[in-house]
Amino acid sequence: MINLKEDYKDYLALLSILTFGLLAFVWFGYDRTFQSVVIIILAAAYVFWGAAHHLLKGDFHFRVLLEYLAVAFFGTGLVLILLGRA
Amino acid sequence: MEFSAARLNHYFVPSLSNNHRARFLHPPILSLLVALFLTSQFFLNYFGFFFPRVLGYAANISPDRLIELTNRERATRGLAPLENNSLLNEAARRKAGDMFSLDYWAHFSPTGRSPWAFFKETGYHYLFAGENLARDFNDSESVVAAWMESPSHRDNILGQDYEEIGIAVVDGQLEGLETTLIVQLFGSPLSDSSVSVEAKEARQSLIGPVLASGQATSSAEAIHPATAGIQEKRALPSLFNPFSLTKTMVIFLISLILGILLLDLVLVAQKRLVRLGGRSLAHLTFLLFILLAILSTQPGLIL
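Residue numbers (this note's numbering), protein chains in the order written: chain A, 1 to 86; chain B, 1001 to 1303.
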């Protein structure tokens, strides 16, 4: 369950990472290779955030990590496929 | 009716039947969605072989407009406009033809021909030369905007050494897809024989060939009067744009998952459910940023 009062710092960190990544993605819109690298790094940062967050909360489990990996692959894969068409 | 409601609950609402997570968010259903999407992309890739001219990029791009936009960018920075040159137009057309016939997307031809070879073929003798390439864009404004966002292409457009420009906008099939190819050539003609050979070589050695987005120097003669840029359009435009099709599918897929995640988040909070798993809010946030990245992506490649 989410407890925003306790977890707001974690979500703030996540928002910062994602915002920075999105800005880099848009800023280098003319360079598809760079955009691909940015989105892969963003996905890796997201998985790392998930692992760290659950470790700190004391509810880390391998299946939880797999879930974050799956979401990261899903999102990244869609972007990479689209960049391949662009 | 009850059966349908129970079915909908099972797939979209956290409950005892789906281990308190919407069935739609379980790996088998998600994997099925991904597999369906990948299959559609596979068919999209090979559709062009069986139905030529159905898939491609139908563009509204004109050489005159490209030159106008280029000179507008120069004017806002106090630079002299570039004069349209017919030899550069012809060189650009030949370069585009070479790219289509040998099916390559690069400054240098697979046969080893440099971009400057096309200048020389048409008899344009340059002191400075540059090349910008673009493909798969929808309109002239997007092309110039993309070039201006790239430092090396912007350097060509705003190059103070350039005096003349040539443009070719040619439709054809490149790497299996119908597209519109734009070749933009910049040149500064070598003036008359009053410039000594020593001075020319000194100038060359100072500047040197720079091929970040295609620039070079050379020695020669002659200036030729300008005419309009070259445009060669195919008889019929393509029906479907593969980028737009893919983007629509991706937006639909992500929006669907986002909607279900949001419902999951709200219901879990309402029911005060405690479960072992990832944070739906985190997944929702990540996928929302992915959606924003996808929405910001526009078609078109520059080189």
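Cβ coordinates follow ideal geometry from the N, Cα and C atoms, glycine included. Everything numeric in this text was worked out from a predicted model, so none of it was measured.
At the 8 Å Cβ level, is residue i part of the contact set with chain B, yes or no?
i, result
"Gly58 (chain A)", "no"
"Leu78 (chain A)", "yes"
"Tyr8 (chain A)", "no"
"Leu82 (chain A)", "yes"
"Val37 (chain A)", "no"
"Met62 (chain A)", "Residue identity differs from the one stated: residue 62 (chain A) is Phe in this sequence, not Met. By this cut-off, Phe62 (chain A) is not an interface position."
"Ala52 (chain A)", "no"
"Phe25 (chain A)", "yes"
"Ala86 (chain A)", "yes"
"Phe74 (chain A)", "yes"
"Leu18 (chain A)", "yes"
"Leu14 (chain A)", "yes"
"Leu55 (chain A)", "no"
Have a look at residue i and residue j and give me their C-alpha separation to the nearest angstrom.
i, j, result
"Tyr11 (chain A)", "Arg1007 (chain B)", "34 Å"
"Ser1040 (chain B)", "Val47 (chain A)", "28 Å"
"Asp1136 (chain B)", "Leu23 (chain A)", "24 Å"
"Pro1225 (chain B)", "Ala86 (chain A)", "Its pLDDT being 32, under 50, Pro1225 (chain B) is placed unreliably in this model, and the value from its coordinates should be taken loosely. Going by the C-alpha atoms only, they are around 37 Å apart."
"Trp1116 (chain B)", "Leu14 (chain A)", "49 Å"
"Asn1045 (chain B)", "Gly84 (chain A)", "11 Å"
"Ala1059 (chain B)", "Gly75 (chain A)", "29 Å"
"Asn1241 (chain B)", "Leu1261 (chain B)", "31 Å"
"Ser1062 (chain B)", "Leu42 (chain A)", "38 Å"
"Gln1270 (chain B)", "Leu1036 (chain B)", "33 Å"
"Arg1272 (chain B)", "Gly77 (chain A)", "33 Å"
"Phe1118 (chain B)", "Leu1292 (chain B)", "42 Å"
"Lys1095 (chain B)", "Val1183 (chain B)", "7 Å"
"Ala1075 (chain B)", "Glu1068 (chain B)", "10 Å"
"Tyr1162 (chain B)", "Leu1190 (chain B)", "11 Å"
"Arg32 (chain A)", "Ala1005 (chain B)", "45 Å"
"Val1250 (chain B)", "Phe1128 (chain B)", "44 Å"
"Met1148 (chain B)", "Ala1022 (chain B)", "47 Å"
"Leu65 (chain A)", "Asp1098 (chain B)", "51 Å"
"Ser1280 (chain B)", "Glu6 (chain A)", "16 Å"
"Val1013 (chain B)", "His1026 (chain B)", "12 Å"
"Lys57 (chain A)", "Thr1070 (chain B)", "56 Å"
Would you say residue i faces chain A, with C-beta separation under 8 Å as the test?
i, result
"His1283 (chain B)", "yes"
"Pro1299 (chain B)", "yes"
"His1010 (chain B)", "no"
"Gln1173 (chain B)", "no"
"Val1250 (chain B)", "yes"
"Leu1292 (chain B)", "yes"
"Ser1255 (chain B)", "no"
"Val1034 (chain B)", "yes"
"Ile1302 (chain B)", "yes"
"Glu1131 (chain B)", "no"
"Gln1231 (chain B)", "no"
"Pro1028 (chain B)", "no"
"Thr1039 (chain B)", "no"
"Leu1102 (chain B)", "no"
"Phe1243 (chain B)", "yes"
"Phe1359 (chain B)", "This structure cannot settle anything about residue 1359 (chain B), because the visible part of chain B is limited to 1001 through 1303."
Using a Cβ cut-off of 8 Å (strictly closer), state whether residue i contacts chain E.
i, result
"Ile1061 (chain B)", "Any reference to chain E falls outside this structure, whose protein chains are A and B."
So residue i and residue j are supposed to be a Cβ contact under 8 Å. How far apart are they, rounded?
i, j, result
"Ile1165 (chain B)", "Leu1102 (chain B)", "With a Cβ gap of about 25 Å, Ile1165 (chain B) and Leu1102 (chain B) do not count as contacting."
"Leu1088 (chain B)", "Leu1185 (chain B)", "5 Å"
"Val1144 (chain B)", "Glu1073 (chain B)", "7 Å"
"Thr1180 (chain B)", "Val1169 (chain B)", "6 Å"
"Lys1247 (chain B)", "Leu82 (chain A)", "6 Å"
"Tyr95 (chain A)", "Ala1146 (chain B)", "Lying before the first or after the last residue shown, residue 95 (chain A) is absent from chain A, which here runs from 1 to 86."
"Pro1299 (chain B)", "Phe1252 (chain B)", "Actually they do not touch by this definition, with Cβ atoms about 18 Å apart."
"Leu79 (chain A)", "Ile1290 (chain B)", "Sequence check: residue 79 (chain A) is Val here, not Leu. The pair is a contact, with the Cβ atoms about 6 Å apart (cut-off 8 Å)."
"Arg1065 (chain B)", "Ser1140 (chain B)", "4 Å"
"Ile40 (chain A)", "Phe25 (chain A)", "At roughly 11 Å, the Cβ-Cβ gap does not stay under 8 Å, so Ile40 (chain A) and Phe25 (chain A) are not in contact."
"His1010 (chain B)", "Asn1018 (chain B)", "6 Å"
"Ile1302 (chain B)", "Ser1150 (chain B)", "6 Å"
"Gly1172 (chain B)", "Phe1100 (chain B)", "4 Å"
"Leu1079 (chain B)", "Gln1160 (chain B)", "6 Å"
Got a sec, what are the start and stop residues for the beta strand (DSSP E) residue i sits in?
i, result
"Ala1080 (chain B)", "Looking at the DSSP string, Ala1080 (chain B) is not in any beta strand (DSSP E), and its letter there is neither H nor E."
"Asn1132 (chain B)", "Tyr1126 to Arg1135"
"Ser1062 (chain B)", "Neither: Ser1062 (chain B) is in no beta strand (DSSP E) and is coded neither H nor E."
"Ala97 (chain A)", "No answer is possible for residue 97 (chain A): the residues shown for chain A start at 1 and end at 86."
"Ala1168 (chain B)", "Glu1164 to Leu1174"
"Pro1189 (chain B)", "Leu1177 to Pro1189"
Where do the N-terminal and C-terminal ends of the alpha helix (DSSP H) with residue i fall, by residue?
i, result
"Arg1094 (chain B)", "Ser1086 to Leu1102"
"Ala52 (chain A)", "Arg32 to Lys57"
"Val1266 (chain B)", "Pro1242 to Lys1271"
"Glu1141 (chain B)", "Ser1140 to Glu1149"
"Ser1296 (chain B)", "Ser1280 to Ser1296"
"Glu1121 (chain B)", "Pro1115 to Glu1121"
**Asked** Are there three or more Cβ pairs, one per stretch, closer than 8 Å when the region 1021 to 1032 of chain B is compared with the region 1097 to 1115 of chain B?
**Response** No, because fewer than three Cβ pairs between the region 1021 to 1032 of chain B and the region 1097 to 1115 of chain B fall closer than 8 Å, the two stretches do not touch.
**Prompt:** Does the count of Cβ pairs from the region 1282 to 1297 of chain B and the region 17 to 26 of chain A closer than 8 Å reach three?
**Reply:** yes
**Message:** Any contact between the region 1123 to 1139 of chain B and the region 1151 to 1158 of chain B? By contact I mean 3 or more CB pairs, one from each, below 8 Å.
**Reply:** Touching, yes, given that three or more Cβ pairs across the two stretches are closer than 8 Å.
**Request:** Check whether the region 45 to 59 of chain A touches the region 1263 to 1272 of chain B, taking contact to mean three or more Cβ pairs, one atom from each stretch, closer than 8 Å.
**Result:** no
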